[in-house]
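**Q** Throughout the sequence shown, residue numbering follows the numbering used here, covering 1 to 196 in sequence.
Backbone N, C-alpha and C define an ideal beta-carbon position, used for all residues, glycine too.
Source: prediction; values computed, not measured.
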Amino acid sequence: MIVTLVVVCEVGFWVLLAAGLTLRYAAGKRRLGAAVLLLEPLLEVVLLAATAVDLRNGAEPDWKHGLAGLYLGCTVAYGRYTVRWIDGHVAHRFAGAPPPPKPPRYGTPRAVHEGKLWLRTLLGAAVAVVLLQLAIGYVGDRGGTGSLRAWQFTALRVAGIHGVIALTYALWPKKAPASATTATSASADPSSRKDS
């Protein structure tokens with residue numbers, strides 16, 4: 001049941017996102033669209049409640065409950081970010097808004113961007129670890145909690161791997177290609193332009 005509910009929550013997230021954005025930009029009902037988008041956290045509340053009820057009813061804690069904890073952590077960390085990113089692109093495409101800024105590609109700005117993404121992953125891992133620890137405390141001695149602890153380590157491992165990847169952008173920043181730098185400086189220098 002829990003795995004099905006995780007899938008339903010993920011599908012529901014995208015359905016509510018599409019419905020909210022359609023109402024905002026295609027139907028011109030910005031408030032109603034925003035209200036639909038605000039329903040998305042309810043999906044996570046339902047999943048959390050269903051997981052707690054399943055454990056309370058004596059279900060043996062296993063990978064399904066761990067997956068639910070990890071999913072909830074990821075949704076807390078990346079859900080709003082994803083909605084804003086997609087909303088910016090839809091607003092640009094269908095409502096004449098300016099294009100959303102692209103993430104930086106080179107140097108320190110790229111390292112800072114990757115660091116911020118890593119902080120989101122760290123937040124998601126922390127939320128997952130806390131929720132799983134609450135589930136371990138909730139189950140207590142009546143059930144095996146090894147699977148839930150394994151998911152805690154999975155969340156921390158994912159955050160660690162992402163942290164190492166983000167750190168590489170700071171230690172070895174990617175430099176802009178020389179052709180891009182030359183083209184940028186040439187377009188900025190009026191003396192380099194030929195008269196037509």
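Rounded to the nearest angstrom, what separates Leu17 and Tyr78 at their Cα positions?
**A** As a working note, residue 17 is residue 17 in the sequence shown. As a working note, residue 78 is residue 78 in the sequence shown. The straight-line gap from Cα to Cα measures roughly 14 Å.
**Q** Assuming contact is defined by CB atoms lying nearer than 9 Å, are Lys29 and Tyr106 in contact in what I supplied?
**A** Here residue 29 corresponds to residue number 29 of the sequence shown, with the count starting at 1. Here residue 106 corresponds to residue number 106 of the sequence shown, with the count starting at 1. In this structure, Tyr106 does not lie closer than 9 Å to Lys29 by Cβ.
**Q** Expressed to the nearest angstrom, what Euclidean distance is found between the alpha-carbon atoms of Leu132 and Val158?
**A** Numbered from its first residue, the sequence shown carries residue 132 at position 132. Numbered from its first residue, the sequence shown carries residue 158 at position 158. When rounded, the distance between both Cα atoms is 15 Å.
**Q** I need the straight-line Cα distance from Pro60 to Leu70, nearest angstrom please.
**A** Along the sequence shown, read from residue 1 onward, the residue named residue 60 stands at position 60. Along the sequence shown, read from residue 1 onward, the residue named residue 70 stands at position 70. According to the sequence provided, residue 60 is Glu. The question's Pro does not apply to it. Going by the C-alpha atoms only, they are around 18 Å apart.
**Q** Is it buried or exposed, Ala35, if we count other Cβ atoms within 10 angstroms and call 16 or more buried?
**A** Along the sequence shown, read from residue 1 onward, the residue named residue 35 stands at position 35. Under this definition Ala35 is an exposed residue.
**Q** Could you give the first and the last residue of the continuous alpha helix (DSSP H) run that contains Val154?
**A** Here residue 154 corresponds to residue number 154 of the sequence shown, with the count starting at 1. It should be pointed out that residue 154 corresponds to Thr in this sequence rather than to Val. Start and end: 146-171.
**Q** Assuming Gly58 and Leu37 make a contact with CB atoms under 8 Å, what is their CB distance in whole Å?
**A** Position 58 of the sequence shown, counting from 1, holds the residue named residue 58. Position 37 of the sequence shown, counting from 1, holds the residue named residue 37. 37 Å between Cβ atoms; not a contact.
**Q** Taking C-beta to C-beta, are Gln152 and Ala170 nearer than 9 Å?
**A** Against the sequence shown, residue 152 aligns to sequence position 152. Against the sequence shown, residue 170 aligns to sequence position 170. For Gln152 and Ala170, no; Cβs fall outside 9 Å.
**Q** Assign Tyr106 to one of three DSSP states: helix, strand, or coil.
**A** The residue given as residue 106 occupies position 106 in the sequence shown. The answer is coil: DSSP assigns Tyr106 none of H, G, I, E or B.
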